[in-house]
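Chemist: One structure is given below, represented as structure tokens, and several questions about it will come after.
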Amino acid sequence: MFTAQSPLADRDRDDGQAYRERRAVRAGGGAGRPAPLPAPLPATLAGRIRFEVRVTIRLLADNSSAAVVPPVLFTAAVGLRQGLAAADLARHVAAAAVLFLLFLYVFDTANQAAGAAEDALNKPYRPIPSGLITREGVLTRLSIALPLYTLAGLLTETIGWVLLWQTVSLGLNLLSNPRHYVVVKPVAMVLGTLAQLAAAWELVTPLDGEGWRWVLVVTAACNLPMCFEDVRDMAGDRRIGRRTLPLMLGHWPVRIWFALNMAALPATLHVLLFSHGHAGQAVVLGCDALVAVPAWTAGARSLLRREARADRVTYLLFTGIYAVILSCAFALL
């Protein structure tokens with residue numbers, strides 16, 4: 026994909042030098058004895074591709090379970106609803122995978138370019154704090170991903186949702202004041218979930234009444250408890266002056282709010298969404314149970330397991346609930 030003449034090649038040569046220098050300092054060879062340097066970045070195309078795969082995995086590791094897998098599942102469910110043949114269904118699912126990888130890549134490059142100081146404390150394995158690449162390298166990748174994402178939106182006829190998400194990602198991460206984060210982030214996440222689910226549906230067919238019901242109910246239900254995400258990042262947010270609900274109110278009100286939402290989630294989805302499908306009562310109750318088990322587990326964990334590592338696991342469980350809800354579309358649409 027990338028050659029020695031690509032924009033990333035020169036950038037990563039600098040990135041690699043910065044990485045080697047930081048590694049040398051960390052290794053500390055002792056007085057008068059230089060520390061060994063890692064091997065230079067590979068010059069071959071295969072080596073460049075492997076390097077980009079490594080960078081991409083670290084960029085997207087935290088959010089892929091929420092931003093890629095669930096909407097791809099939703100596209101597949103909508104395709105089955107529309108009776109697509111196996112080949113057409115596979116084509117739509119592949120298009121969804123590409124679209125939502127770019128969806129996440131654009132957001133995470135913008136987010137990590139702006140949040141290196143926070144990541145150094147909360148997520149030191151990410152590309153910038155780990156020394157793998159520099160902030161400028163991340164911004165270069167963002168500048169390449171944006172037109173690719175736009176092209177994907179044009180080819181899949183989801184360009185409106187793509188442009189909305191690009192605006193949200195750049196506005197939240199690169200333009201907004203950290204002190205306004207407590208107001209800006211919830212709006213951004215609602216718009217992002219809306220854009221994601223609407224695009225996932227419209228990859229297959231235009232949104233109809235049933236489609237809008239799924240998009241709006243799931244968007245609301247999954248964003249109301251979203252503030253729990255900031256509980257796990259309190260130390261880093263405090264470090265960069267970001268205002269979040271856990272820092273303003275304390276972690277207990279946010280935990281209680283999250284637990285109440287998790288307790289009510291199965292009933293909310295049953296009344297507003299699941300019971301409006303075409304499936305029988307047994308299938309609907311089965312979907313209720315599939316949501317209830319992880320939701321109630323996450324709610325209990327948020328109150329009983331309050332150390333930072335446990336909060337990260339609880340949040341991952343919450344993102345898994347999003348995937349479970351959209352997986353229910355296979356049975357209910």
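Going by my numbering, the sequence shown opens with residue 26, and the numbers climb by one from there.
Note that CB positions come from ideal geometry on N, CA and C, so glycine has one too.
(1) Quick check on D258: does DSSP put it in helix, strand or coil?
(2) Can you find at least 3 beta carbon pairs, one from the segment 347-357 and one from the segment 290-305, that sit closer than 8 Å?
(3) Quick one: complete alpha helix (DSSP H) runs, 4+ long, within the segment 141-186?
(4) Exposed or buried, what is Y16 when buried is set at 16 or more other beta-carbons lying within 10 Å of its beta-carbon?
(5) Excluding five sequence neighbours on each side, which residues of the same chain lie with their C-beta closer than 7 Å to the C-beta of L127?
(6) Taking contact to mean at least 3 C-beta pairs separated by less than 8 Å, is the segment 137-153 in contact with the segment 184-196?
(7) Assign P25 to one of two classes, buried (16 or more other C-beta atoms within 10 Å of its C-beta) or exposed (fewer than that).
(8) Around the C-beta of S168, are 16 or more other C-beta atoms found within 10 angstroms, so that it is buried, or is it exposed?
(9) Here's the rule: buried if 16 or more other CB atoms are within 10 angstroms of the residue's CB, otherwise exposed. What is A24?
(10) Report buried or exposed for N202, applying the criterion of at least 16 other Cβ atoms within 10 angstroms of its Cβ.
(11) Once the 5 residues before and after L249 are set aside, which same chain residues still bring their CB inside 6 Å of it?
(12) Near A145, which residues of its chain fall below 6 Å by C-beta distance, leaving aside the five closest residues on each side in sequence?
(13) Closer than 6 Å by C-beta to T214: which residues in its own chain qualify, once you throw out the five before and the five after it? Chain order, please.
(14) Taking the CB atoms as reference points, tell me whether A92 and L124 lie closer together than 8 Å.
(15) Are the beta-carbon atoms of E143 and D258 separated by less than 8 Å?
(16) Quick one: measure Cβ to Cβ for T244 and D255, integer angstroms, because I've assumed they're closer than 8 Å.
(17) Quick test of your reading: A224 and W186, contact by CB under 8 Å. State the CB separation rounded to the nearest angstrom.
(18) Given this structure, state the Cα-to-Cα distance separating A317 from Y347, to the nearest angstrom.
(19) Let's see if you can read the secondary structure: which residues bound the alpha helix (DSSP H) around E77?
(20) Can you grab the Cα-Cα spacing for the pair L342 / C312, in whole Å?
(21) Could you give the C-beta distance for V12 and W226, rounded to a whole number, given that I count them as a contact under 8 Å?
(22) State the DSSP-derived secondary structure class of A356, mapped to helix, strand or coil.
(23) Could you check the C-alpha separation between P319 and T69 for me, to the nearest Å?
(24) Got a sec? Which residues, its chain only, sit under 7 Å from D133 by beta carbon, not counting five neighbours each side?
(25) Among I184, A139, L180 and L179, whose alpha-carbon lies nearest the alpha-carbon of V163?
(26) Report the residue ranges of all beta strand (DSSP E) runs contained in full by the segment 306-348; include only those spanning at least 3 residues, in chain order.
(27) Taking all protein chains shown into account, decide if W277 is buried (16 or more other Cβ within 10 angstroms of its Cβ) or exposed.
(28) Determine the burial state of W237: buried for a count of at least 16 other Cβ atoms within 10 Å of its Cβ, exposed for fewer.
(29) Apart from the five residues just before and just after V97, which ones in its own chain have a Cβ nearer than 7 Å to its Cβ?
(30) Quick check on the DSSP output: the alpha helix (DSSP H) that includes W213 runs from which residue to which?
(31) If we call anything under 8 Å between Cβ atoms a contact, is V208 one with L197?
(32) Which whole-angstrom value is the C-beta distance of V80 and L157, which I expect to be below 8 Å?
(33) Between the C-alpha atoms of A115 and S90, what's the straight-line distance to the nearest angstrom?
(34) Could you tell me if R326 is buried or exposed, where buried requires 16 or more neighbouring beta carbons within 10 angstroms of its beta carbon?
Modeler: Judging by the given coordinates:
(1) coil
(2) yes
(3) 141-147 and 160-181
(4) Past the edges of the chain, shown from 26 to 358, lies residue 16, and the structure says nothing about it.
(5) A170, L173, Y174 and A177
(6) Under the 8 Å Cβ criterion, the segment 137-153 does not count as touching the segment 184-196, having fewer than three qualifying pairs.
(7) The requested residue 25 does not occur in the structure, where the chain is confined to residues 26 to 358.
(8) exposed
(9) The structure shown does not extend to residue 24, since the chain spans only 26 to 358, so no value can be given for it.
(10) If you draw a 10 Å sphere on the C-beta of N202, you find fewer than 16 other C-beta atoms in it, and that means exposed.
(11) N286
(12) P154
(13) Just to set this straight, residue 214 is Met in the shown sequence, not Thr. By the criterion of a C-beta distance shorter than 6 Å, M214 is surrounded in its chain by N248 and M251, once the five residues flanking it on both sides are discounted.
(14) no
(15) Cβ distance < 8 Å, so E143 and D258 count as in contact.
(16) About 19 Å; that fails the 8 Å criterion.
(17) 4 Å
(18) Looking at the two C-alpha atoms, the distance is approximately 12 Å.
(19) L70 to L85 is the extent of the alpha helix (DSSP H) around E77.
(20) Between L342 and C312, the C-alpha separation is close to 17 Å.
(21) Because residue 12 is not part of the residues shown, which for the chain are 26 to 358, the question remains open.
(22) helix
(23) Rounded to the nearest angstrom, the two C-alpha atoms are 46 Å apart.
(24) L84, L85 and N88
(25) Checked all of I184, A139, L180 and L179; the closest Cα to V163 is A139.
(26) none
(27) The residue is exposed, with fewer than 16 neighbouring Cβ atoms inside 10 Å.
(28) exposed
(29) V118, A121, A122 and F125
(30) The amino acid at residue 213 is misidentified as Trp; the sequence shows Ala. Here the alpha helix (DSSP H) through A213 covers Y206 to E227.
(31) no
(32) 6 Å
(33) For A115 and S90, the distance between alpha carbons rounds to 20 Å.
(34) buried
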